[in-house]
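Undergrad: This is the structure I want to talk about, given as structure tokens.
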Ligand SMILES: [Zn+2]
């Protein structure tokens, strides 16, 4: 089955991982800008990172027939440095017309501080000004519930935000309902120990239905599994869910959501065959 | 959306997994006891005991309740505390 990973950090993965993803059926992925595992010293360091996301990774992915898309921002962790954050936000418009850019992300909160909330709001201004889609990181562990509610407060207070163009990621049992009920898209991250397992993700799909719900691996430099989506596909099959439902969650939903971005020039691998046979 | 398995099928599939996870927990608690020192006053341990009580209950949203148990509180006046204006 073809699938799309809507949240994975390929700058931290090897070329062998691209090959494995391709063999498992991954045909496209989206890579939000995130924390590198250390705080960067200057805005110029982010300019280079944005070049990596818009120039280097698409080429690396294309070698394995994977289409690479990306999102730009300064992540919530480094957003604690307000001065640096404003410098980075100022250089993002230079990259918004790059052909693989889908929007602003992954913005969000980390420890739910005032500085993080300030920079989150400034990213929202940027997204509104340039009519960009938004991808949101919600905090980990004990901070997730509070941070998710704070993020929803900020989004819902702003009538300029089109909720159908916003993806709130890393939802779990206690946050998914809030996100979906407010009309946003929700992403479940299949991540060892600190986030969701394929089994629990499958439970959430059964409890809330497949509308506006996606799954991702968030594969990065930490303990993570870039092939987590095939694990979810297998779990759904083992429970007896129909292929059409699985395909909606791991493929069609991503296409529906990303298609609202100008930068999503996705070509389905079977597009020509479908056109020829119809 | 229903789960396309009967409860009997779920139990057949997951019985050994549930058993293994309970044993993991039991061994963790035994290990805590065997180790030197005491964590009796540690608030994390009280949380763990509260979570075990939720686990042993029959309510339908145990995963969600346990998530909330391990979560910091949300207060809707957080913006006033941060002195941040809402956009409305
Ligand atoms: Zn991420």
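Protein chains in written order, with this note's numbering: chain A, 32 to 309; chain B, 63 to 150. Every residue gets a Cβ at the ideal spot worked out from N, C-alpha and C, and that includes glycine. The model shown is predicted, which means the values in this text are computed figures rather than measured ones.
Is the stretch 130-141 of chain B in contact with the stretch 173-181 of chain A, if contact means three or more CB pairs nearer than 8 Å?
TA: yes
Undergrad: Spell out the partners DSSP gives residue 103 (chain A) in its beta bridges.
TA: A:135
Undergrad: So residue 113 (chain A) is in the alpha helix (DSSP H); what residue range does that whole segment cover?
TA: 113-122
Undergrad: Just checking my contact of residue 77 (chain A) with residue 119 (chain A) at CB under 8 Å: how many whole Å lie between their CB atoms?
TA: 5 Å
Undergrad: Could you tell me which whole beta strand (DSSP E) segments of length 3 or greater appear in the stretch 129-202 of chain A?
TA: 132-139, 164-168, 197-199
Undergrad: Give the secondary structure of residue 39 (chain A) by DSSP, where H, G and I count as helix, E and B as strand, and everything else as coil.
TA: coil
Undergrad: Do residue 203 (chain A) and residue 4 (chain B) have their beta-carbon atoms positioned less than 7 Å apart in this structure?
TA: Past the edges of chain B, shown from 63 to 150, lies residue 4 (chain B), and the structure says nothing about it.
Undergrad: Along the chain, where does the alpha helix (DSSP H) containing residue 147 (chain B) start, and where does it finish?
TA: Neither: residue 147 (chain B) is in no alpha helix (DSSP H) and is coded neither H nor E.
Undergrad: For residue 291 (chain A), which residues in chain B fall below 8 Å Cβ to Cβ?
TA: Listed along chain B, no residue sits closer than 8 Å to residue 291 (chain A) by beta-carbon distance, the nearest being about 23 Å off.
Undergrad: Cβ-heavy atom distance between residue 97 (chain B) and ligand 1 below 6 Å?
TA: no
Undergrad: Scan the stretch 135-149 of chain A for residues whose Cβ lies nearer than 9 Å to a Cβ of chain B and list them as they occur along the chain.
TA: 143, 144, 145, 148, 149
Undergrad: Which two residues bound the contiguous beta strand (DSSP E) that contains residue 58 (chain A)?
TA: 57-63
Undergrad: For residue 232 (chain A) and residue 280 (chain A), what's the separation of their Cα atoms in angstroms?
TA: So the two alpha carbons sit approximately 11 Å from each other.
Undergrad: Just to confirm, does residue 249 (chain A) get its C-beta within under 6 Å of one of the non-hydrogen atoms of ligand 1?
TA: yes
Undergrad: Ligand 3 heavy atoms versus the CB of residue 86 (chain A): any closer than 6 Å?
TA: In the structure shown, ligand 3 is absent; the only ligands present are ligand 1.
Undergrad: Could you check whether the Cβ of residue 109 (chain A) sits closer than 6 Å to any heavy atom belonging to ligand 1?
TA: no
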